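One structure is given below, encoded as structure tokens.
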Amino acid sequence: MPTEYIRHFGLVETPFARNHDTRWLYLSTQHKEAILKTRWCVEEHGGLALIRAGVGHGKTFLIEYLMTAWPKQFGWKCAKLQNTGTISTARALLQEVLAAFGLPPARSAREMATRLEEWLLVECCEFNRTIVLFVDEAQSISSQAMPVLRDLVNLETRDRILLQVVLAAQLSIDRKLTFYPALQSRIATVSTLEPLSEMETDAMLLHRFKSAGAVDPMLICPAETVHAIYRVTGGVPRDVLVVAEGTMKEAFLRGAYRMLPEHVERAVNDLAGRRPRLVRAA
């Protein structure tokens, strides 16, 4: 069915891929503002930026985009901390940071911190490079490892912070940070990704359809269908994609070439057990 329903609507691929291929990313006004504020923080060597958002609002996609864009645009060296949910100790966090930048581990946390600082001094001071570490799902880092984030942005010379850290986290990070005032006080800028407006939801779907090869997306997904999708998802990007994909499949199964509000309703009913918040929104 996947190939048939894609061809049925005159597309070359599914417009609802949920991978992090940056060509799919729709940058709303708030996304652009978050990028600009975070970029300023890095350019000014502010040390620590925070991007916060609810589940499914696109924070991970955004930092994947920045990791691709910034090295090309500015020559910055970017890396992402992996496996944050499994980091339970200070030593484990430092080991992951070293690995992210391709540095070998050391036996103790002190030795790893020294190795990282020595490398940063060479990169930043001798080669004048900007080094950026992205930490996705930062709210998942354990209480034992959280203070290390503060230590990372405390690595500095007389005129600059050596490592620029960008935290991407769910909204629960706010409560967690209250237990670490020293870290909280180092945050130079905070950006929040809210759900999309109906107009932004329309623009995101338009971008997706065009990227998938649609000649006239409005013929496939008219305004009343976008409104129905927005009504049941509240503009949460991940939910928009799930419901829109289900809607397209429902239209295909009924031989329709346009996605209609009735197809949205059928798709939501099918998703009810897996995404109960859609039912509440409906």
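In the numbering used here, each residue's number is its place in the sequence shown (first place is 1) plus 1238. A virtual CB, placed ideally from N, CA and C, is assigned to each residue, including glycine. Note that the structure is predicted; figures quoted are calculated from it, not measured.
6 Å CB neighbourhood of residue i in its chain, flanking five on each side removed
i: Phe-1446; result: Here residue 1446 is Arg; the residue named in the question, Phe, does not match the sequence. Pro-1253, listed in sequence order.
i: Gln-1311; result: none
i: Thr-1430; result: Arg-1290
i: Leu-1405; result: Leu-1288, Val-1373, Ala-1376
i: Val-1250; result: Gly-1451
N-terminal and C-terminal residue of the beta strand (DSSP E) that residue i is part of
i: Val-1290; result: A quick correction: the sequence has Arg, not Val, at residue 1290. First-last of the beta strand (DSSP E) with Arg-1290: 1286-1291.
i: Thr-1260; result: Run containing Thr-1260: none; DSSP gives neither H nor E here.
i: Leu-1401; result: 1401-1407
Other residues of its chain near residue i: CB distance less than 8 Å, five sequence neighbours each side excluded
i: Ala-1337; result: Gln-1320, Pro-1343
i: Arg-1261; result: Ser-1449
i: Ser-1410; result: Gln-1377
i: Leu-1509; result: Val-1480, Val-1481, Gly-1484, Leu-1516
i: Arg-1518; result: Bear in mind that the predicted position of Arg-1518 carries a pLDDT of just 42, short of 50, making it unreliable; the figure below should be weighed with that in mind. Cβ within range, chain order: n/a, list empty.
i: Ala-1351; result: Leu-1332, Asp-1389
i: Ala-1255; result: Trp-1262
Cut-off 7 Å between Cβ atoms - residues of its own chain near residue i, not counting five sequence neighbours on either side
i: Ala-1347; result: Ala-1328, Arg-1329, Leu-1332
i: Ala-1505; result: Val-1481, Gly-1484, Thr-1485, Glu-1488
i: Ser-1266; result: Leu-1434, Glu-1438
i: Arg-1367; result: Lys-1315, Glu-1361
i: Val-1502; result: Thr-1463, Ala-1466, Ile-1467, Val-1470, Val-1481, Thr-1485
Reference residue i; option with closest CA among the options
i: Ala-1466; options: Lys-1310, Val-1250, Ile-1425, Met-1497; result: Met-1497
i: Gly-1248; options: Asp-1477, Ala-1452, Leu-1371, Ala-1461; result: Ala-1452
i: Val-1391; options: Trp-1308, Ala-1420, Arg-1367, Asn-1366; result: Ala-1420
i: Ile-1244; options: Pro-1499, Phe-1490, Asp-1508, Thr-1463; result: Phe-1490
i: Ile-1301; options: Gln-1382, Ile-1325, Ile-1273; result: Ile-1273
i: Asp-1287; options: Thr-1298, Arg-1277, Val-1293; result: In the sequence on display, residue 1287 carries Ala and not Asp. Selected option, being the one with the closest Cα: Arg-1277.
i: Cys-1362; options: Trp-1314, Pro-1475, Gly-1472, Ala-1441; result: Trp-1314
i: Leu-1457; options: Arg-1469, Gln-1422, Arg-1424, Tyr-1495; result: Tyr-1495
i: Arg-1388; options: Gln-1268, Gly-1285, Phe-1372; result: Gly-1285
i: Leu-1358; options: Pro-1309, Ile-1399, Val-1250; result: Ile-1399
i: Thr-1416; options: Leu-1393, Lys-1297, Pro-1385; result: Pro-1385
i: Lys-1318; options: Gln-1422, Val-1370, Glu-1503; result: Val-1370
i: His-1295; options: Ala-1461, Asp-1477, Arg-1396; result: Asp-1477
i: Tyr-1303; options: Ile-1325, His-1258, Ser-1326, Ala-1461; result: His-1258
i: Thr-1460; options: Pro-1475, Glu-1334, Gly-1472, Ala-1441; result: Per the sequence presented here, residue 1460 reads as Pro, with Thr not at that position. It is Ala-1441 whose Cα lies nearest to the Cα of Pro-1460.
i: Tyr-1264; options: Val-1474, Asn-1507, Leu-1443; result: Leu-1443
i: Ile-1223; options: Arg-1396, Lys-1414, Leu-1354, Glu-1394; result: The first residue shown for the chain is 1239 and the last is 1520, placing residue 1223 beyond what the model contains.
Per DSSP, cross-strand counterpart(s) of residue i
i: Leu-1531; result: A query on residue 1531 cannot be resolved here, the shown segment of the chain reaching from 1239 to 1520 and no further.
i: Lys-1318; result: Phe-1372
i: Thr-1427; result: Ala-1287
Element boundaries [alpha helix (DSSP H), containing residue i]
i: Thr-1471; result: 1461-1471
i: Arg-1526; result: The requested residue 1526 does not occur in the structure, where the chain is confined to residues 1239 to 1520.
i: Thr-1485; result: 1475-1491
i: Thr-1267; result: 1267-1281
i: Glu-1503; result: 1499-1509
i: Tyr-1303; result: 1297-1312
i: Arg-1413; result: 1411-1415
i: Ile-1458; result: 1455-1458
i: Pro-1419; result: 1419-1422
Residue-level contact to chain C via CB, residue i, 7 Å cutoff
i: Glu-1438; result: The structure shown contains no chain C, having only a single protein chain.
- Could you tell me which uninterrupted beta strand (DSSP E) segments, each at least 3 residues in length, are contained entirely in the stretch 1329-1395, listed from first to last along the chain? 1369-1374
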